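*Asks:*
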Amino acid sequence: MYGAVRDDLRARLDELESNGLLKRELVMTTPQGAHVDVAERGELLNLCANNYLGLANHPEMVAAAHEALDRWGYGLASVRFICGTQSLHRGLEERLSEFLGTEDTILFGSCFDANGGVFEALLDERDAVISDQLNHASIIDGIRLCKARRLRYANGDMDELEARLGEAADARFRLIATDGVFSMDGYAAKLDEICDLAERHGALVLVDDSHAVGFVGPQGRGTHAHFEVVDRVDILTGTLGKAVGGASGGYVSGRQEIVDILRQRARPYLFSNSVAPVVVGASLRALDLIERSDELRDRLWANTRSFRARMTELGFDVLPGDHPIVPVMIGEAPAAARFSQALVAHGVFAVAFSYPVVPLGTARIRTQISAAHTDDDLELAVSAFVAARDETGA
Ligand SMILES: *Cc1c(COP(=O)(O)O)cnc(C)c1O
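Structural data, given as structure tokens:
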């Protein structure tokens, strides 16, 4: 039987390859950081990690992970509700609630799992979810897993959101779901307006703040804090795999009863292993570092401002904004792919994104700035962009 399946898969892979859509992983031989070694290419300046605060290989994080390993062991070999909850896990949940300004928090193995579990546990066929068109794949999949009616609005289009709220007025509950920051553009959701609309229509609000927690808003508390809507967002989801350490883990944080029911009903929580103690312990240290001072955040924002300014000055088409996601627009997919290869040849690691991840004709190099970058790193990045532009004619 496999023969026919193999032929089909081969054909699909060949098609991806001939359309330039086959993803090839560059294999690193070093820890994550501002500079990484990549097999056959040598040292590259890394402009494509979600390592916003540089915690992925921060010495204090590594030390905290060692301490947690020694104190709490390697694994739990259990889901949370059987025998997989250590006081460490409750400690991180409480700590996240304090940090985010919520009533309670429940950890998941990843934010993908958090989004995979949250909708189905809360909503059924009597309800409706109204989702921003550019929401992360995990939100889309999470919504698919629940029986609620699904409505979409164009990215950030508040009029369309309001129209969808009206269309779903007969639903028992309506939930607006949005990313806090959209990962392809670095644009923030207008959470103040979204909360206004939610209140006017009696809807709930869920924000996935994966690309913000740790550095956006006062003390890095997130997009909801930036927009001063901390008490008006009902559900926050997020990852520990980006700014907050970068290893793995995710959470849902919010109203008490919502978290309580998730502990009873969220399938990825009930049927998937506890987050490893090493990750939980180090995540607590990440929150220490995030709360202790503004130093890493200040560095990140200063780096971002200077990189955005230099690139704009040099005539690159940088999407406007202030987020450390800095998309450099190229246009067509093959040109963006060539551009990315030229960057690598000049020692800079930055990935091209094209359709279907972004709309046709808006292929781009998405750069992500980190607190771990130095001024010299940013200067190298800018020179590599100029050289790649000269060489590819993009
Ligand atoms: C990265 C990301 C996720 C997935 O997080 P993991 O913890 O890696 O599963 C979910 N949502 C958004 C918006 C993200 O950017």
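Per this note's numbering, the very first residue in the sequence shown carries number 2; after that it's consecutive.
We put the CB at the ideal spot given by N, CA and C, even for glycine.
If you're wondering where the values come from, they're calculated on a predicted model, not measured in any experiment.
Could you pull the DSSP bridge partners for H202 from this structure?
*Replies:* Looking at the DSSP assignment, H202 forms no beta bridge with any residue, so it has no partner.
*Asks:* How many Å lie between G223 and S98 at the Cα?
*Replies:* Near 12 Å, if we compare the C-alpha coordinates of S98 and G223.
*Asks:* Could you check whether A372 and R300 sit closer than 9 Å to each other, using their CB atoms as the reference points?
*Replies:* Yes. Within cutoff.
*Asks:* Check each candidate in N20, V230, I195 and name the one with the smallest Cα separation from E163.
*Replies:* Among N20, V230, I195, the Cα nearest to that of E163 belongs to I195.
*Asks:* Mind checking whether the beta-carbon of F386 lies closer than 8 Å to any heavy atom of ligand 1?
*Replies:* Checking the Cβ of F386 against ligand 1 gives no.
*Asks:* When DSSP labels each residue in this structure, what does Q87 get in the three-state scheme?
*Replies:* It is coil, neither helix nor strand.
*Asks:* Which residues in the same chain as A190 place their Cβ atom closer than 8 Å to its Cβ, once the five residues preceding and following it in sequence are excluded?
*Replies:* Taken in chain order, the residues that qualify are D133, G157, T179, D180, G181, V182, F183, V208, T224.
*Asks:* Using DSSP with H/G/I as helix, E/B as strand and the rest coil, what is M29?
*Replies:* It is a strand residue.
*Asks:* Please state if the CB of E229 and the CB of D193 are separated by a distance shorter than 9 Å.
*Replies:* It is a contact, given that the beta carbons lie within the stated cut-off.
*Asks:* I'd like to know whether the C-beta atoms of D125 and C147 end up nearer to each other than 9 Å.
*Replies:* Yes, the pair counts as a contact, with Cβ atoms nearer than the cut-off.
*Asks:* Quick check: the stretch 46-60 against the stretch 286-295, are at least 3 beta-carbon pairs closer than 8 Å?
*Replies:* Result yes; three or more Cβ-Cβ pairs closer than 8 Å.
*Asks:* How about D391: is its Cβ closer than 8 Å to a heavy atom in ligand 3?
*Replies:* Among the ligands present in this structure, namely ligand 1, ligand 3 is not found.
*Asks:* CB of N116 to nearest heavy atom of ligand 1: below 8 Å?
*Replies:* Yes, Cβ of N116 sits closer than 8 Å to a heavy atom of ligand 1.
*Asks:* Tell me which same chain residues have a C-beta within less than 6 Å of the C-beta of A226, skipping the five on either side of it?
*Replies:* Closer than 6 Å at Cβ, skipping near neighbours: G218, P219.
*Asks:* So, helix, strand or coil for I370, using DSSP?
*Replies:* Correct three-state label for I370: coil.
*Asks:* May I ask you to check if the CB of H137 is nearer than 8 Å to at least one heavy atom of ligand 1?
*Replies:* H137 Cβ: within cutoff of ligand 1.
*Asks:* In this structure, what does DSSP give as the bridge partners for H36?
*Replies:* Note: H36 sits in a beta bridge opposite L46.
*Asks:* Roughly how many whole angstroms lie between the Cα atoms of M29 and L123?
*Replies:* Each residue's Cα considered, the two are about 41 Å apart.
*Asks:* Looking at V383 and M185, is the spacing between their C-beta atoms short of 9 Å?
*Replies:* It is not a contact, given that the beta carbons lie outside the stated cut-off.
*Asks:* Put F255 into one of helix, strand or coil per three-state DSSP.
*Replies:* For the sequence presented, residue 255 should be read as Gly rather than Phe. Reduced to three states, the DSSP call for G255 is strand.
*Asks:* Is DSSP giving A170 helix, strand or coil here?
*Replies:* A170: coil per DSSP, three-state reduction.
*Asks:* Going by beta-carbon coordinates alone, are R81 and L108 separated by less than 9 Å?
*Replies:* Result yes, Cβ atoms of R81 and L108 sit closer than 9 Å.
*Asks:* Apart from the five residues just before and just after D378, which ones in its own chain have a Cβ nearer than 7 Å to its Cβ?
*Replies:* Cβ neighbours of D378 beyond the five flanking positions: A35, L46.
*Asks:* Does the distance from the CB of I366 to the CB of A337 come in under 9 Å?
*Replies:* Yes, they are a contact pair.
*Asks:* Measuring alpha carbon to alpha carbon, tell me which of A248, V234, A283, A277 ends up nearest I259.
*Replies:* When each option's Cα is compared against that of I259, the closest is V234.
*Asks:* Can you give me the start and stop residues for the beta strand (DSSP E) that T224 sits inside?
*Replies:* Per DSSP, T224 belongs to no beta strand (DSSP E); it is in the alpha helix (DSSP H), 224-227.
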